Amino acid sequence: MEQPLAGMRVIEVGGTIAVAAAAKQFSDFGAEVVKVEVASGGEVRRTPPFADDRPHLDTGAYHLSLDTGKRSIALDVATPSGREVLGRLCVGAQLLFLQLPPELTQRVLAVVDAESGPSTVAISPHGLDGPYAGRVENDMSMFAWTTRMYRHSISEDGEPLRYGPNVPTIQVGATAAAVGMGVAWGQAHDGTRRDVDVSGVEALAGNVDTGYIDWVLLGTERRARGRLTENYPIGNYACKDGYVMFAATLGPQFQRLCTAIEHPELVDDPRFNEPIAKSQHWADFMEYLGPWLEVRTRSEVFHEMQQHRVMVAPVLDMSEVTEDPQAKARGSFVQVAQPLVGPVTIHGAPFQMEEAWEARPSPRLGEHNAAILDALGYSRDEQIALFRAGVTG
Amino acid sequence: MTSRALAGVRVIDLAEVWAGPFGACLLGDMGADVIKVESFPRRSLTRPLQPDARVADGPGPVYERVDSQIQGNRNKRHMAMDFRSEGGAEALRRLLASADVLIEGFAAGAIDRAGFGWETVHALAPRLSMISMPAWGVRGPYSGYVALGSGIDASVGHVSVRGAPGEPAEDVPGGFHTDATSPIEVVFAALAALRRRERTGEGSFVDLSQAEGFAWALVGSLGEWQLAGRVPQPLGNRDPHVVPHGCYRAAVPGHWVTIAAETDAQWAGLAGALGHAEWAEDGHPWASIAGRLGAREEIDAELAAYAAARDHVEAADELQAAGVIAAPVAAPSTMLPSPQLQTRGWFTPVDQPYFGTRLFPGFLWQMEPDGPEYERRSGLIGEHNAEVLTELGYGADEIRALEAAHAIGDHYDAETDALLGT
Chain F
1 MEQPLAGMRV IEVGGTIAVA AAAKQFSDFG AEVVKVEVAS GGEVRRTPPF ADDRPHLDTG
61 AYHLSLDTGK RSIALDVATP SGREVLGRLC VGAQLLFLQL PPELTQRVLA VVDAESGPST
121 VAISPHGLDG PYAGRVENDM SMFAWTTRMY RHSISEDGEP LRYGPNVPTI QVGATAAAVG
181 MGVAWGQAHD GTRRDVDVSG VEALAGNVDT GYIDWVLLGT ERRARGRLTE NYPIGNYACK
241 DGYVMFAATL GPQFQRLCTA IEHPELVDDP RFNEPIAKSQ HWADFMEYLG PWLEVRTRSE
301 VFHEMQQHRV MVAPVLDMSE VTEDPQAKAR GSFVQVAQPL VGPVTIHGAP FQMEEAWEAR
361 PSPRLGEHNA AILDALGYSR DEQIALFRAG VTG
Chain R
1 MTSRALAGVR VIDLAEVWAG PFGACLLGDM GADVIKVESF PRRSLTRPLQ PDARVADGPG
61 PVYERVDSQI QGNRNKRHMA MDFRSEGGAE ALRRLLASAD VLIEGFAAGA IDRAGFGWET
121 VHALAPRLSM ISMPAWGVRG PYSGYVALGS GIDASVGHVS VRGAPGEPAE DVPGGFHTDA
181 TSPIEVVFAA LAALRRRERT GEGSFVDLSQ AEGFAWALVG SLGEWQLAGR VPQPLGNRDP
241 HVVPHGCYRA AVPGHWVTIA AETDAQWAGL AGALGHAEWA EDGHPWASIA GRLGAREEID
301 AELAAYAAAR DHVEAADELQ AAGVIAAPVA APSTMLPSPQ LQTRGWFTPV DQPYFGTRLF
361 PGFLWQMEPD GPEYERRSGL IGEHNAEVLT ELGYGADEIR ALEAAHAIGD HYDAETDALL
421 GT
């Protein structure tokens, strides 16, 4: 079966992690993606880690994971000549993703034909207009604006913490991909070309886990508080070979948990059977739960508890996630033969649909310069002239 | 009116809590006709019986005053039905036959037991696509296992890299991040399925593991192990290759500011803002990246002292003016006055029943010519039962009969709760 996005053409410009993540979704589901990048290589190629800790534009983890299956042209869109090439690339394309400094964004958007050009999705930390439009942010500082960092700390008065590196940034890219699909669908059906402005801060702060809604409706500004002992068990608990993550505080969950640890009588125990008493007897409860956990591995806790439909999961590290039986059975990770590095294990499809997704090798910087310029009708002399002037690389 | 990009697409939202419903909501923001089918008489998890931490004070039913219900259910029509009853099942069948996408978030297998598994649905409505989104997916040995976002966060490795060096793992808070990432994948999956249908004429089944839908954002952490052979550990706010890169306590109690300088130019701006332009001059040990990497503690101490004397928002403004990466760690009360969000009109006044008009969080994107709008505020339970059933061809008498049989409902009370026991 053909991949769902076969026949679709998508252009990405800017070389950032967010823009690469957005276009990756299209590439892996079958679209033809052209990656327009500066000859010096953008953020997605320069961000560590690298194979064997040797920095190289073609061997970084972000590039190897997020540029899969794309074609690469090294092209300087800060020049009129570069933008002329980009304009030709856009003819017949369905989507243009870009993340560039504000003034360059406007120039690049101007090459898109207002009637027949692709719909566009511009990504930036704060949006294309407003007093912060020119601010420079990174994964941490953008995240800081979204109310989520405020709620992510070890203790109520503790330092607010990042998520995993670039987790928020990739969420911004995924958001851009989702709305990109929407406007591409719209344009195909109503002929309307749409221009989308994705502010990273808005994309994260507007999502369903925003802390802002509590403030609007309840007037509260919650912070994280580390180990919770008022209602339990929730959060990380130690067992024989590491930690498990519980979310088993609510009535039926707590009941099933007590059954799972073979103490069903605790459900009716006056220390635990109503919220105020329960909040005062965490240590008592641990006399039952602690020893049960102590003699069981994460895997044993997980499977035994899930037989009782208790919400608990193993805390796995990055050397373990690929060995997880569920991940193996589903093919949650795939190996891609990357020309310069060899076989590299990366995350698989974000959702599974029959014969829909495939990760192909990531391109070397500028690997497809000649093929792309040939197809756009540039003569050999024109290609030499562009190269000589540093417009291509 | 909200965007019309997805005009003509009908989505049925059978999911509960956040991840599925918010995915449907985002499709509604782009103009899809989203019909949320809530559980009745069993209350969904975001429609509690008793006031709790998520319920606002005030008049009206408790289950209409829940923050987690209201966030994520705009731009939909709201039905409530018991599709395990004969009348409810028939209504759902007719609804599905009229729709393009079904989103369901039960544990794997539950929807099959309720009589609406993929084979059944596909036979009934061949053009309909179905997205099932259990924690770890439909297929595989964990099929039927249950989790909230925090369990998924643990199993994909994110918990192992959150937190800070030297802090106890027990105190790393649970994270419900997949509630934010899964909705985005729901949108992409729904539209990928629709696009495939353009050629095949048939709907697709999407097995959306919320674990897989999020895990691919852990590129850097997985790469540490796969490419460099290191098991990544929690780093707090540090970046091993950038100094400074941190979060510093501000003068305002409980507030913090993040500061980073990734390049020499940003460092020069920072040094100037701190009144020490010489820190960025040739010859000074901190003027070079290698020099700064070796002086993390001393530089952090300088920034801690700087932040401790300033308001978190003003410090970020001052540093940004010097070209430095800096942002306050925004609490909701910090965001609200943000000149950026105010200028962009991000906060949106919404008249929500029992709350009156409040400034709600805005949309995930802005769009020309037809941007997202609150065309419909979050619906009340069963608010559009009659409207949708009428569209499906039900007569007034038939709708009354469904109500009388408790196959549909528009409120919860002691009487409807009592139906659960029967």
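If you read the sequences in order, they're chains F and R.
The numbering used here puts the first residue of the first sequence at 1, with every later residue one more than the last.
The numbering used here puts the first residue of the second sequence at 1, with every later residue one more than the last.
Glycine included, every Cβ here is placed at the ideal spot set by N, Cα and C.
These figures come from a predicted structure and were not determined experimentally.
Within chain R, the C-beta atoms nearer than 7 angstroms to that of residue 218 of chain F come from 56 and 67, in chain order. Per DSSP, residue 76 of chain R lies in no beta strand (DSSP E) and is assigned neither H nor E. The alpha carbon of residue 113 of chain F has as its nearest neighbour, out of F:177, F:193, F:301 and F:39, the alpha carbon of F:193.
Contact of residue 265 of chain R with chain F is not assigned, every C-beta pair being separated by 7 angstroms or more. At a Cβ-Cβ threshold of 7 angstroms, residue 23 of chain F and residue 12 of chain F count as neighbours. Between the beta-carbon of residue 357 of chain R and that of residue 369 of chain R there is about 27 angstroms, and that puts the pair past the 8 angstroms contact cut.
Of all residues in the region 329-341 of chain R, only 329, 330, 331, 332, 333, 335, 339 and 340 come within less than 7 angstroms of chain F when Cβ atoms are compared, listed by chain position.
Taking CB atoms only, residue 185 of chain R has a neighbour in chain F less than 7 angstroms away. Residue 335 of chain R carries a helical assignment under DSSP once its states are collapsed to helix, strand and coil.
Between residue 329 of chain F and the set R:129, R:337 and R:141, the nearest pair of CA atoms involves R:141. Note that the C-beta distance between residue 200 of chain F and residue 149 of chain F is not below 7 angstroms. Contact residues of the region 161-181 of chain R toward chain F are 161, 162, 163, 164, 167, 168, 169, 170, 171, 172, 173, 174, 175, 176, 177, 179, 180 and 181 (C-beta to C-beta distance below 9 angstroms). The beta carbon of residue 381 of chain R sits no closer than 7 angstroms to any beta carbon of chain F. Among the residues facing chain F, residue 118 of chain R is not included, as its CB has no counterpart in that chain under 7 angstroms away.
When rounded, the separation of the alpha-carbon atoms in residue 267 of chain F and residue 301 of chain F is 20 angstroms. In this structure, the straight-line span from the alpha carbon of residue 286 of chain F to that of residue 61 of chain F is close to 42 angstroms.
In the three-state reduction of the DSSP assignment, residue 301 of chain F falls in the helix class, which pools H, G and I.
In this structure, the beta-carbon distance from residue 234 of chain F to residue 249 of chain F falls below 7 angstroms. A straight line joining the alpha-carbon of residue 46 of chain R with that of residue 213 of chain F spans about 14 angstroms. Straight through space, the alpha carbons of residue 83 of chain R and residue 180 of chain F are spaced by roughly 34 angstroms.
Residue-level contact check: residue 232 of chain F does not touch chain R, since none of the beta carbons of chain R fall below 7 angstroms from its beta carbon. Less than 7 angstroms divides the Cβ of residue 351 of chain F from the Cβ of residue 208 of chain R.
Distance from the CA of residue 247 of chain R to the CA of residue 256 of chain R, rounded to the nearest whole angstrom, comes to 6 angstroms. Closer than 7 angstroms to the CB of residue 326 of chain F there is at least one CB belonging to chain R. With a cutoff of 7 angstroms on beta-carbon distance, residue 104 of chain R and residue 132 of chain R are scored as near each other. At a cut-off of 7 angstroms between beta carbons, residue 213 of chain F contacts chain R. Just measuring C-alpha positions, the residue of F:69, F:16 and F:207 sitting nearest residue 43 of chain F is F:16. In this structure residue 27 of chain R is buried. Its beta-carbon is surrounded by 16 or more other beta-carbon atoms within 10 angstroms. Contacts with chain R at 7 angstroms (Cβ-Cβ) do not include residue 32 of chain F. Beta-bridge analysis with DSSP links residue 245 of chain F to F:236 and F:313.
In chain F, no part has a C-beta under 8 angstroms from the C-beta of residue 61 of chain R; the shortest such distance is about 15 angstroms. Annotation: Cβ neighbours of residue 142 of chain R in chain F (cutoff 7 angstroms, chain order): 326.
Note that the region 24-39 of chain R touches the region 69-76 of chain R; at least 3 beta-carbon pairs, one per stretch, sit closer than 8 angstroms. Annotation for residue 185 of chain R: 208 and 213 place their beta carbon closer than 7 angstroms to its own, counting only its chain and skipping 5 residues before and after. Neighbours of residue 354 of chain R across chain F, judged by C-beta separation under 8 angstroms, do not exist; the nearest C-beta is about 10 angstroms away. With respect to residue 293 of chain F, residue 258 of chain F sits apart: the two C-beta atoms are not nearer than 7 angstroms.
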